[in-house]
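Under my numbering, the first residue of the sequence shown carries the number 14, and numbering increases by one thereafter. We put the beta carbon where it would ideally sit given N, CA and C, even for glycine. Notes follow the structure.
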Amino acid sequence: MAGDKTFTGTVAASSKLVVGNSTITDGAALEVSSTTATFLPPRMTTVQRDAIASVPEGSMIYNLTDKKAQVAVVTVASDLDQSTWGASTGGGLISSGESLGQTFIATSSATVTQIGFYGTYGTWATGTISCKVYDSVGGNLLATSPDTSTIKENNTHLFTFSGLSLTAGQSYYVDFEIIYSGGYLYSYGGTNYDGGDAYINGVVDPALDLPFKIFHPAYSLDWENLH
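Below, the structure is given as structure tokens:
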């Protein structure tokens, strides 16, 4: 098929495709054969790239904003269930304004959507819990959830996050600050998590682990520079 041709819709090659030659190199599915012209991938800005609704893994572009060739890396992983859930037992009492925390190791690289915490309280305790994430105990603040959760005896607390990304193999510290009145509060233990320790108002208690979960989307997309 000689000359210039314009197609509308999808053009499918059932086997292999070569451009610029009548034969294709063994083992190639797609070949562009030329010594006078280049292969030109899609060129777009970061804003245009991020507006693409569906990106298959391995997709390639040239980013006009960063002046970089980039490839799409897609991660599909289950939620990060970091410790036994809903199985806490009471430890020592804590005071209002103190915090419970837990160090943990991210098992995959992902953007966090929620952090969950299962609390055990005295019958008449009332108050709120807030949540922050740090890069270490006493370290840099990475994110603060806009949510507060109400204390209601034994119950689950969920805190949403945006823009909080974890890196596989890295250690982090999640902190739950508790403001309450009436009743009493435990320092929660009884779970079994090997990736970190519980902290009671900033002091480590290696015998305890908090019942907590880290949630993230099943689909995570990153663009990696090829040079």
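Next on the checklist: I'd like to know whether the C-beta atoms of Y185 and S149 end up nearer to each other than 9 Å.
Outcome noted: yes
Checklist entry - What are the uninterrupted segments assigned as beta strand (DSSP E) that are 3 or more residues long and contained completely in the region 148-199, given in chain order? => result 154-163, 168-179, 184-194
Item to check | the region 77-90 contacting the region 147-162, beta-carbon criterion three pairs below 8 Å | outcome: no
Next on the checklist: Closest to A123 by C-alpha separation, out of A66, T38, A26, I227, would be which residue?
Outcome noted: I227
Next on the checklist: Quick check on the DSSP output: what are the complete alpha helix (DSSP H) runs of length 4 or more inside the region 28-95, in order along the chain?
Outcome noted: 59-63
Checklist entry - How should S35 be labelled, buried or exposed, when 16 other C-beta atoms within 10 angstroms of its C-beta is the threshold for buried? => result exposed
Next on the checklist: Suppose you measure from the CA of T120 to the CA of G33; what does that come to, to the nearest Å?
Outcome noted: 47 Å
Checklist entry - By the 10 Å Cβ neighbour count, where 16 or more other Cβ atoms means buried, how is R56 classified, buried or exposed? => result exposed
Checklist entry - Do S112 and N205 have their C-beta atoms within less than 9 Å of each other? => result no
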